[in-house]
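> In the working numbering, the protein residues as written are 1 to 285. Even glycine gets a Cβ: it sits at the ideal position worked out from N, Cα and C. This one's a predicted model, so the numbers in the text were calculated from it and none came from an experiment.
1. Relative to the C-alpha of residue 222, which residue among 272, 40 and 129 is closest?
2. Let me check understanding here. Comparing Cα to Cα, which of 100, 102, 171 and 265 lies closest to residue 112?
3. Excluding the 5 residues preceding and the 5 following residue 97 in the sequence, name in chain order all residues of the same chain whose CB lies nearer than 6 Å to its CB.
4. Does the region 134-144 come close enough to the region 212-222 that 3 or more CB-CB pairs lie under 8 Å?
5. Would you give the residue range spanned by the beta strand (DSSP E) that residue 288 belongs to?
6. Which of the three DSSP states, helix, strand or coil, is assigned to residue 172?
7. Using the Cα positions of residue 248 and residue 95, report the straight-line distance between them to the nearest angstrom.
8. Less than 7 Å between C-beta atoms, sequence neighbours within five positions excluded: which residues of the same chain meet that for residue 295?
9. Starting from the C-beta of residue 185, find all residues in its chain whose C-beta is less than 7 Å away, skip the five residues before and the five after it, and write them out in chain order.
10. Is the CB-CB distance between residue 150 and residue 196 below 8 Å?
11. I need the DSSP call for residue 287, collapsed to helix, strand or coil.
12. Verify whether the separation of the beta carbon atoms of residue 89 and residue 52 is less than 8 Å.
13. Following the continuous alpha helix (DSSP H) through residue 190, name the residue where it begins and the one where it ends.
Right, dumping it as structure tokens:
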């Protein structure tokens, strides 16, 4: 949804840099290397010896034949998390606990939404539950694709009109946080695949999100793009980074034309801006 323009604070940038440096701490011999940031809403990439088993909390991670793995720190990740690993020659798993830096989430108020999109009437609740089940099934995929290893690219370029993690108050009613970023673009703007993957969901008219597209990037990492006016791909299509997969719109619960883009690790929500280069400068025509 569109909202007033907001950007990460200086304090947030400092936290991001400090937590990124924490990954440079030496690990026990024969363990693995980690790249990422120990803060809420981040992805952490790992590289272990082939054959190593790795767990994040109670979740066994998919590890590629080359030893690559990934896990996500949710928007509401607790202050401490545990990583365990067991090499082929280890008698038992080793473990280490990590501190996760909190982020100062803002409160965002958005008015003027259709009342039935904020407080849905009883007759549409069954539809909403069915659609949520579709979204959850796409988020739960655990394929061996490796698009997640790429440097993600912007799905669209434009003014950032909504940032990740804000607690939202819609028409005066507290609702769930904003689990993505909003890019203000006109209806019909081409939307590009941010990384290689396979289309896992393509729905033209979901109740809250309107035209909705999800791409599986592998190992539980997925992108979701919503409020779309047109879909250019179908479920099962393999897509390459930069390929046009949809057109932007203002469908579903939206106050104006824009792209809402989220990234997740299974059902944990990740801030896309932590994975992206700076927004490319758009040349004046």
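On the basis of the data shown:
1. It is 272 whose Cα lies nearest to the Cα of residue 222.
2. 171
3. 80 and 82
4. Short answer: they touch.
5. Residue 288 lies beyond the range of the chain shown here (1 to 285); nothing can be said about it.
6. coil
7. Going from the Cα of residue 248 to the Cα of residue 95 covers about 45 Å.
8. Residue coverage of the chain in this structure runs from 1 to 285, which leaves residue 295 outside it and unanswerable.
9. 156, 158, 248, 257, 258 and 259
10. yes
11. Shown here, the chain extends from 1 to 285; a query on residue 287 therefore has no answer.
12. Taking 8 Å as the cut-off, the Cβ atoms of residue 89 and residue 52 do not count as close.
13. Careful: residue 190 lies outside any alpha helix (DSSP H), inside the beta strand (DSSP E) at 190-192.
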